[in-house]
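Participant: Before anything else, here's the structure in question.
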Amino acid sequence: MSATVQADPATPAGSASGLSPRRPLGDRVFQVLALASGLLVLVILVLIAITMSQQSTAWFSSEGWSGIFSIDWDPAHNKFGALAFVYGTVVTSVIAIVIAYPVSMGVGLLLTEVVPRRWSQPIVYVIDLLAVVPSVVWGLWGFLILNPWLQTIYAHIASAVNGIWILGNLFGPLNGNYVSGESFFTAGLVLAIMITPIVTSLSREVMATVPAADKEGAYALGATRWEMIRGVVWPHSQVGIVGATLLGLGRAMGETIAVALVVGASPTIASHLFIPGYTMPSVIALQFGEATVGVFRAALIGMGVLLFVLTIIVNLSARAIVGRNARRMRGTA
Amino acid sequence: MAITTDQRQVDLREPSGFRRATNQFATGAMWFAFLCMLVPLGFVLVTVIAKGAGIISWQFLTNSTIPPNILPANIDGMGAAVVGTLEITGFAAVMAIPLGILGAVYLNEYGGNRPLARTLSFFSDVMTGVPSIVMGLFIFTIWVLHFGYSGLAGSFSLACLMLPIVIRSSYEMLRLVPNHLREASYALGATKARVTLTVVLPSAIGGIVSGCLLAVARAAGETAPLIFTILTVEATNPNLFSGANTALSTQIFTNATQPYTGATDRAWGAALTLIAIAFILMIVARLVTARFNRYSR
Chain A
46 MSATVQADPA
56 TPAGSASGLS
66 PRRPLGDRVF
76 QVLALASGLL
86 VLVILVLIAI
96 TMSQQSTAWF
106 SSEGWSGIFS
116 IDWDPAHNKF
126 GALAFVYGTV
136 VTSVIAIVIA
146 YPVSMGVGLL
156 LTEVVPRRWS
166 QPIVYVIDLL
176 AVVPSVVWGL
186 WGFLILNPWL
196 QTIYAHIASA
206 VNGIWILGNL
216 FGPLNGNYVS
226 GESFFTAGLV
236 LAIMITPIVT
246 SLSREVMATV
256 PAADKEGAYA
266 LGATRWEMIR
276 GVVWPHSQVG
286 IVGATLLGLG
296 RAMGETIAVA
306 LVVGASPTIA
316 SHLFIPGYTM
326 PSVIALQFGE
336 ATVGVFRAAL
346 IGMGVLLFVL
356 TIIVNLSARA
366 IVGRNARRMR
376 GTA
Chain B
141 MAITTDQRQV
151 DLREPSGFRR
161 ATNQFATGAM
171 WFAFLCMLVP
181 LGFVLVTVIA
191 KGAGIISWQF
201 LTNSTIPPNI
211 LPANIDGMGA
221 AVVGTLEITG
231 FAAVMAIPLG
241 ILGAVYLNEY
251 GGNRPLARTL
261 SFFSDVMTGV
271 PSIVMGLFIF
281 TIWVLHFGYS
291 GLAGSFSLAC
301 LMLPIVIRSS
311 YEMLRLVPNH
321 LREASYALGA
331 TKARVTLTVV
341 LPSAIGGIVS
351 GCLLAVARAA
361 GETAPLIFTI
371 LTVEATNPNL
381 FSGANTALST
391 QIFTNATQPY
401 TGATDRAWGA
411 ALTLIAIAFI
421 LMIVARLVTA
431 RFNRYSR
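Taken in sequence, the protein lines are chains A and B. Under the numbering used here, the first residue of the first sequence carries the number 46, and numbering increases by one thereafter. Under the numbering used here, the first residue of the second sequence carries the number 141, and numbering increases by one thereafter.
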């Protein structure tokens, strides 16, 4: 370009070290812009924590710890206890994980070990399509199509297991003959469908890192495919899969609209799974429109803070597990 | 194996009996797992197309007034929601994509292995896990409480959702750019900004574009952040920056629980429209990736 630009061998123009005035202005501006965009993530996370906590202080100060974690939710009488919602969130996400985990493992293994590479593409398409169906569409489908259909199935199951120890408590009818299509279990089922794609693709990435030499070694010893999976793939990817499942759990806890439409919207704590319940995100979504007065709105935003903290904890532990495992694998492989 | 049999051939056939049965059962179980994934997808797609295809017409997609719930679906249409979804998601993309790509550039080109870059990379991972409803509440507390409901607030919340996804996917793509390209450009005397803008980004552009399109596809279907920020209305509001707005996803949400068939019909029609938008974006992303792969080979 122009001959006037002097190359300085001590600080080459391409080095990122510092913002020395010797570097052209545009170059320094670009670096600052990039840094600012990178920091934006941190700024947003901090702002979320601060502004939402501020808006929810009224809830904490008027109810106290015991009030927040009580089961009384009665906005008309200024009772804002969140325990039923926390319970519902935990129950529905656990159901979702219990259903999604085996399916994800199966499809992940199918993709990495069974299907030849060129046939895996259609399966990946199915996973992608499943991931891109909007949550409100799952909710609409669950509410209008799945609910009535499941209600009859639930009724059959409930009458079959009624009175049996544990099974009767989980799947039996409540108070005589009461089961509902809109229930904890339906919400868990819809959540399971929604988190399967992410758990599958994450665990597939983990399974793909198993060294080919180990697998071939197992085959050379005469192992069948299943024996190879149990002896090589499983021990190698177990930790990563725990991380993937935790990330799925985080997704399930925060999912709002689909759950709001199928969970039945009734703050309940009971061991029965075929009865209507409520979750934290769905109560925020469904009652926010009515919550125009101070403590009510503060309580809903406070539940958002609770949800934020819970998902951050789940995500941090998942990332920590996966990160530590990746380092360990790099060390030994 | 007895030692006296060393004259015989070693049996290399597939193991028989219990081991073989277990193996076949396991393979069958994996295919069954895939079936478990396929069935809900097929079920929901068939239902939405069957119920929505009869509702969608040019009038449904463009008429700007959303009628009261009692009226049947062939009167007026969802045009207002289509416009709302497109402008809110579009503006969110305009905000989040450049910032996300710049953030990824910082992480990969400038940050390297420094503690700050590692921290930011970690927290952008964590931010992908923040529920969409929290983003909605966040924009409600920081923007809507001061400036009122608007399409812009909806765009902000969707941009917050898209930002970490764009950062992650662009970062992965930038990492794939071979280092000799950068070194060759530095050897020609180019500055870091110039190398990044004219060499590194163009060579990763295919992957970055497809990642961004997938992020947009996900954001277009989001409902939870919008119900706190745009306050669903029933007429077109072309002004993104002031006044309540509407979107397909929030319309589906409010119409789904109505007892009138007109309302649920409209919800199915809107659902088909929304799925179509998301799928088109995804297919375009796939095509871009395929094209990019052909070039780079």
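Positions of the beta carbon are idealized from the N, C-alpha and C atoms, including for glycine. Because the structure is a prediction, the values reported are computed rather than measured.
(1) Looking at C-alpha atoms only, which residue of N192(A), L156(A), A265(A) and V181(A) is the closest neighbour of V171(A)?
(2) Exposed or buried, what is L174(A) when buried is set at 16 or more other beta-carbons lying within 10 Å of its beta-carbon?
(3) Could you tell me the boundaries of the alpha helix (DSSP H) in which R68(A) lies?
(4) In chain order, what residues of the same chain have a beta carbon less than 7 angstroms from the beta carbon of M275(B), not counting five sequence neighbours either side?
(5) For A375(B), name the three-state secondary structure that DSSP assigns.
(6) With DSSP as the reference, identify every bridge partner of T205(B), one or two as the case may be.
(7) When you compare only the Cα positions, how much space is there between T429(B) and L337(B)?
(8) Pick helix, strand or coil for S325(B), following the three-state DSSP scheme.
(9) Does DSSP put I358(A) in a helix, in a strand, or in coil?
(10) So is L318(A) in contact with chain B if we call contact Cβ pairs under 9 angstroms?
(11) How would you label Q166(A), buried or exposed, when you count the other beta carbons within 10 angstroms and need 16 or more for buried?
(12) With distance defined between alpha-carbon atoms, name the residue in F263(B), F368(B), G329(B) and S290(B) nearest to L85(A).
(13) Taking C-beta to C-beta, are M298(A) and V359(A) nearer than 9 angstroms?
(14) Can you name the residues of chain A whose CB is closer than 8 angstroms to the CB of N163(B)?
(15) Would you identify the three-state DSSP class for G383(B), choosing helix, strand or coil?
(16) List, in order along the chain, the chain B residues whose C-beta lies closer than 9 angstroms to that of W104(A)?
(17) For L437(A), would you say it is in contact with chain B, using Cβ-to-Cβ distances shorter than 9 angstroms as the test?
(18) Quick one: is C300(B) near chain A, going by C-beta distance under 9 angstroms?
(19) For L277(B), which residues in the same chain have their Cβ closer than 7 angstroms to its Cβ, ignoring the five residues on either side in sequence?
(20) Just curious, the alpha helix (DSSP H) that Q398(B) is in, first and last residue?
(21) For chain A, find out if any of its Cβ atoms is closer than 9 angstroms to the Cβ of I307(B); answer yes or no.
(22) In chain A, what lies closer than 8 angstroms to P155(B) by C-beta?
(23) Please classify S290(B): does DSSP put it in a helix, a strand, or coil?
(24) With 16 other CB atoms within 10 Å as the buried threshold, where does Q164(B) fall?
(25) If we count the other Cβ atoms within 10 Å of its Cβ and call it buried at 16 or more, is D119(A) buried or exposed?
(26) In whole angstroms, what is the alpha-carbon distance linking I144(A) and G192(B)?
(27) Compute the distance between the beta-carbons of V182(A) and G329(B), then report whether it is under 9 angstroms.
(28) Nearest CA to the CA of S98(A): which residue from S327(A), V354(A), A310(A) and V367(A)?
(29) Starting from E335(A), follow the alpha helix (DSSP H) in both directions and report where the run begins and ends.
(30) DSSP state of W271(A), grouped into three classes?
(31) So is N370(A) in contact with chain B if we call contact Cβ pairs under 9 angstroms?
(32) On the three-state DSSP scale, how would you describe F158(B)?
(33) Using the three-state DSSP reduction, which class does D117(A) fall into: helix, strand or coil?
(34) Comparing alpha-carbon positions, which option in G402(B), P255(B) and T331(B) lies nearest A213(B)?
(35) Put L427(B) into one of helix, strand or coil per three-state DSSP.
(36) Closer than 9 angstroms by beta-carbon distance: list the chain D residues that pair up with Q196(A), in chain order.
Facilitator: Let me lay it out:
(1) L156(A)
(2) buried
(3) Neither: R68(A) is in no alpha helix (DSSP H) and is coded neither H nor E.
(4) S297, C300, L301 and P365
(5) strand
(6) A375(B)
(7) 20 angstroms
(8) helix
(9) helix
(10) no
(11) exposed
(12) F263(B)
(13) yes
(14) T269, R270, W271 and E272
(15) strand
(16) Ordered by position in chain B, no residue passes the 9 angstroms Cβ test against W104(A), which lies about 13 angstroms from the chain.
(17) A query on residue 437(A) cannot be resolved here, the shown segment of chain A reaching from 46 to 378 and no further.
(18) yes
(19) F368
(20) Q398(B) -> no alpha helix (DSSP H), and no H or E assigned at all.
(21) yes
(22) G267 and T269
(23) strand
(24) exposed
(25) exposed
(26) 29 angstroms
(27) no
(28) V354(A)
(29) Note, E335(A): premise wrong, no alpha helix (DSSP H); not H, not E.
(30) helix
(31) no
(32) helix
(33) coil
(34) G402(B)
(35) helix
(36) Protein chains A and B are contained in the structure displayed, whereas chain D is not.
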